[in-house]
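Counting with the numbering used here, you get residues 250 to 750 for the letters of the sequence shown. Backbone N, C-alpha and C fix where the C-beta goes; we use that ideal spot for every residue, glycine too. Since this is a predicted model, take the numbers as computed values, not measurements.
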Amino acid sequence: MHQNPTSFSADSSLPPHAHSEIKRSPVPRRQNDQADAEAERHFRRMIENIGDYAILMLDIDGCVISWNEGVGRIKGYASEEIIGKSFGCFYPPEDILAGRPAQVLQLAQANGHFQEEGWRLRKDGSYFWAHVLISAIHDHESNLIGYSKITRDLTERHQAEQKLVRSNRLLEAIVDASPYSIITCDTHGLITSTNPATERMLAYTRNELIGKAVTEHLHDRQEIIARAAELTEKYGEVIEPGFDTFVHESRTGLVEKHEWTYIRKDGSRFPVHLQVTALRDDLDEISGFVGIAYDISERRRREEFTQHAAHHDELTGLPNRSLLYDRLNMALARAGRDKTKVGMLVVDVDHFKSINDSLGHHIGDEVLKVVSERILATVRGVDTVARMGGDEFVVLLSDLAEDAAADSVAAKIVKSIATPILIGEQKLSVTVSIGISCYPDDCDVAHLLLKHADTAMYATKLAGRHGYRRFSRELERIADNKLAMEAARRNALHEPKPHVH
C-alpha cells in the first residue's frame, strides 16, 4: 500500500490492550517489533491486491495519505495524482457545491462510520455508481487521527437495478392502462392486487378487494360447481368446487381459459373471458396466480343477434324454416317417448297478393306483422309460430292429448284474424286458410307432416278460403290427381306441333 511520510504507524493502529500485552510478553521487544512489521507487510500486500475495492487512508481534513491499486483501477488515478488531494475530488460538482464531502466526514466522526451509495467521478470525468464506507480512526486516547475510506464500483448492479425499476414501472403502466381486469391472488385464492380496470369493471375499490377470496366475491357459486364437475369428468379426479376449479390446469403449466359470469358490487352480472396463469418464484415454485379478464357482453350480444338472425324471420321476428324443423324434430321425439300428439297448422293469408298490389308492400308488411301477433296470441308459450316466407305461417302444437285440440286452435286463429285490421287510416278485412295434419295419425316424418298440412291448406282455399281443413287420404289423392293433370297440361304445351303438308 502506497503511503507518504505522514501515514499512520503500525503501533498507532493497535488497540491499547495490545500494547499492554506486548509489554507483559516474555518474548524480547525486538522480536515483537519484527513480528509486527512482518504482519503489517502482509496486511499491506493483501490490501494492495484487493482490486475490486478502492481503499484510501485520509487525514483529519480528508486528504489522501495512502491508497491501494484498486483506486487506480476504479477511479483512474495514479499515485502521484491522488496522494495529498482531498477526497472531495471524487464527488460530482453539485455535491461539492452542497458541501457533501465535509458533511460525510462529520457524520463518520460523530457515528464512528458512515456509508452510502451514490454517483462518484473518475479522473476522466465519467460517472460510476459507488458504495462508500468511511470509518473514523482514533488513537489510544480516542483522538481522531484520520479516516479509512472503502469504495466499491456497483455501476453494473445499479444499472441492472435501474433497468429492473424501469421495466417494473413500464409493466405497472401497462397494467394500469390495460382495459382488462387484472387480479393477482395468493396460492389460497386471496386477492393480493388489482388494477384500475378491475375497479371500473366491478365497482369495487382496490381496498375492498385486497385480502378477499376471489371465489366468494366475484363468481356465481352454481357456475363454480358446474365447472368443477366438467373438470372432474375431464381429468378423472375429483376437483372440488372452490379455488382449485380456477387454477387446476394452470398448476400443471397450462393457461386456464374459460368464460365466467362476474358479479359487480351492486349484484349485477356480466360475462367475462378469464385467463389464469400461475406465478412462480426463483425456485420455480408457484407463489400465486394472475387472472386477466375482459368483458364479453358485446360479443355475446353480437353472437345472439347473429344466431337470432340465422333462425328468425327479419320482418316478424318469428322462427324461420330452419328453426321450425329443429323444434319439430324435438317435438316428434318427445311425443314418441311420451305417447302424445303433435299438431301442424299451415296458415296462408287469403288474397295477400291483391293487398300488396293495391295498397303497396309496406301495407302488406304491416298486415303480416299483425297476423303473426294474432296467431301468437292464440297459442301456448310452448308452441311455435314460424314464418315460412311470403304470406305463409306454420304453427307447431306440441304435447297434445288429442287431435281435436289442433282443430280448436285453428278455429281461434281464423276468428282472431277475421277481426278488421286498422293500419293507419286503412281498415282491412283479412282472412286466412288453414290446413291441419297430426302426428302420429297422419304421418310420423317431419317434412311429410308439413307437406300434408300444406295439402289440407290448399283444399281449404279450393273450398272457398276463410276456414280450415284436416288432412285426409282423400285430400292427398285429389292433390296428387291435380298435380298429375297440371304436369300433363305443361307437357302438352311443350310438345312440338305436327307439320301440315
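Beta bridge counterpart(s) of residue i as assigned by DSSP
i    : result
V521 : W509, D544
Q364 : L382
S397 : M306, S384
E641 : D597, G638
C213 : One cannot answer for residue 213 here, as it falls past the ends of the chain, which runs 250 to 750.
I670 : L677
D402 : A379
G592 : L646, C687
L370 : Y376
I535 : R529
C338 : Answer is none; C338 lacks a bridge partner.
V313 : L307
T633 : L645
S682 : D597, G716
A462 : L439
H561 : P568
Residue burial classification, residue i (beta-carbon count within 10 angstroms, cutoff 16)
i    : result
N740 : exposed
A359 : exposed
L370 : buried
M579 : exposed
E410 : exposed
G319 : buried
T454 : exposed
R418 : exposed
D599 : buried
V643 : buried
H468 : buried
K731 : exposed
G540 : buried
K272 : Residue confidence is low: K272 scores 36 on pLDDT, short of 50, so the model does not pin down where it sits. Its coordinate-derived value is still stated next. Label assigned to K272: exposed.
S391 : exposed
A475 : exposed
G673 : exposed
V487 : exposed
F554 : exposed
Within 8 angstroms, strictly: CB atoms of residue i and residue j
i    : j    : result
S682 : D597 : yes
S571 : H557 : no
T510 : R518 : yes
G684 : R718 : yes
D402 : F363 : no
D632 : S647 : yes
Y484 : T400 : no
I473 : P490 : yes
G333 : C312 : yes
H522 : E508 : yes
K514 : L451 : yes
D614 : D652 : no
K676 : P669 : yes
Y688 : K588 : no
F339 : L307 : no
R629 : L567 : no
T565 : K618 : yes
H463 : C434 : Here residue 463 is Val; the residue named in the question, His, does not match the sequence. Cβ atoms of V463 and C434: closer than 8 angstroms.
H696 : F720 : no
T627 : V658 : yes
I440 : L420 : no
Residue i - containing alpha helix (DSSP H), residue span
i    : result
Y484 : 470–484
A659 : 653–667
G321 : 318–324
T216 : The question about residue 216 has no answer here: the residues shown for the chain are numbered 250 through 750.
I432 : From DSSP, I432 is part of no alpha helix (DSSP H) but of the beta strand (DSSP E) over 430–434.
I345 : 342–346
G613 : 610–627
I331 : 328–331
D493 : 493–500
Where the beta strand (DSSP E) containing residue i begins and where it ends
i    : result
Y574 : First-last for Y574: 570–587, but that is the alpha helix (DSSP H), not the beta strand (DSSP E).
R719 : 716–719
S442 : 440–443
Residue i: CB within 7 angstroms of a non-hydrogen atom of the ligand GDP
i    : result
T436 : Absence of the ligand GDP from the depicted structure is noted, as is the absence of any ligand whatsoever, leaving it without description.
The region 441–457 contacting the region 413–433, beta-carbon criterion three pairs below 8 angstroms: Counting C-beta pairs closer than 8 angstroms gives three or more between the region 441–457 and the region 413–433, which meets the contact rule.
The region 532–542 contacting the region 483–501, beta-carbon criterion three pairs below 8 angstroms: Short answer: they touch.
Inter-stretch contact at 8 angstroms, needing at least 3 Cβ pairs: the region 562–579 / the region 536–552: Pairwise C-beta distances place the region 562–579 out of contact with the region 536–552, as fewer than three of them are shorter than 8 angstroms.
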